[in-house]
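What the sequence shown shows, in the numbering used here, is residues 1 to 172, in sequence order. Where is the CB? At the ideal position from N, CA and C, for every residue including glycine. Okay, so here's the structure we're looking at.
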Amino acid sequence: MLLLLGGLASPWSRAETPLETRLLLGGMVEMLVPTAFHPMPEDILKLKYPMERRPTLVLANDAGSVSLALNHTRNPLPSKELTEAHRAFDRMFRNMYPSAHWFRSEVTSLNGRQFILLELRTPALDTEIRNLMLATSVDERLLLITVNMTKELEGEWLEVANRMIRSVVVKP
C-alpha cells in the first residue's frame, strides 16, 4: 500500500513537472517553461547546433536532452504570407528528413496569433528527436520556437512540451 501511495505522490511524475511563466527574447515572448530549465552551456550548444546560426536563446534540462529554442531571425516573413510559408516549411522538412514520422503540419491560432505548427520525429546519430516547432511573423521577420526531446523521453515530456507550446503569447 505504501509503495502504491508513494508512486502516486511522486513529485517527479510527468503531470507535475513544475512550469513557470517566463518572458523571453527581451519580453517579446511569454510562455510556460519548466522551472528547472536554464541556458544551455556553450559546449553543449556547439554540439547540438554546430552551425554558426544558433538560436538566440536555448534553455534546457540539465542533461540537454529536452530543450526550448527561440530565434527571432533576420529572415523576412510578411504576416500575410504565413500560409505560403507553411507549405515551404513542410516541403523543406519533408525533403531534409524523408524518413521522419509526421504528427502535425498546420497553420493554427494560438492565443490570438496565427502560427505554423510542425510536429515530427527526426533521425539523429544514436536516437530520434521529437520536434514541436512554431513559426510566426513578428515585425515582418520569422520567429521560430522549438521544443524537442529524445524519443526515449517522449512519455515523460511530450505532454509538458505541448503545454509549453499552447502557452506561447507573442507580445506586441
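- Exposure of Glu152 is indicated by the presence of fewer than 16 other C-beta atoms within 10 angstroms of its C-beta.
- For Arg22, the pairing in a beta bridge is given by DSSP as Met31.
- With fewer than 16 other Cβ atoms inside 10 Å of its own Cβ, Ser109 counts as exposed.
- Closest option to Asn71, judged by alpha-carbon separation, among Glu20, Gly26 and Gly155: Gly26.
- Ranked by Cα distance from Phe115, the options Ser167, Pro98, Asp126 and Trp102 are led by Ser167.
- Burial state of Thr83 is exposed, judged by a 10 Å Cβ sphere holding fewer than 16 other Cβ atoms.
- It is roughly 12 Å from the alpha-carbon of Met28 to the alpha-carbon of Ser137.
- For Leu142, same chain residues with a beta-carbon under 7 Å away, outside a window of 5 residues either side, are Thr73, Asn75, Leu77 and Ala135 in chain order.
- Close CB contacts of Ala69 within its chain, under the 6 Å cut and outside five residues either way in sequence, are with Pro55, Val58 and Thr146 (chain order).
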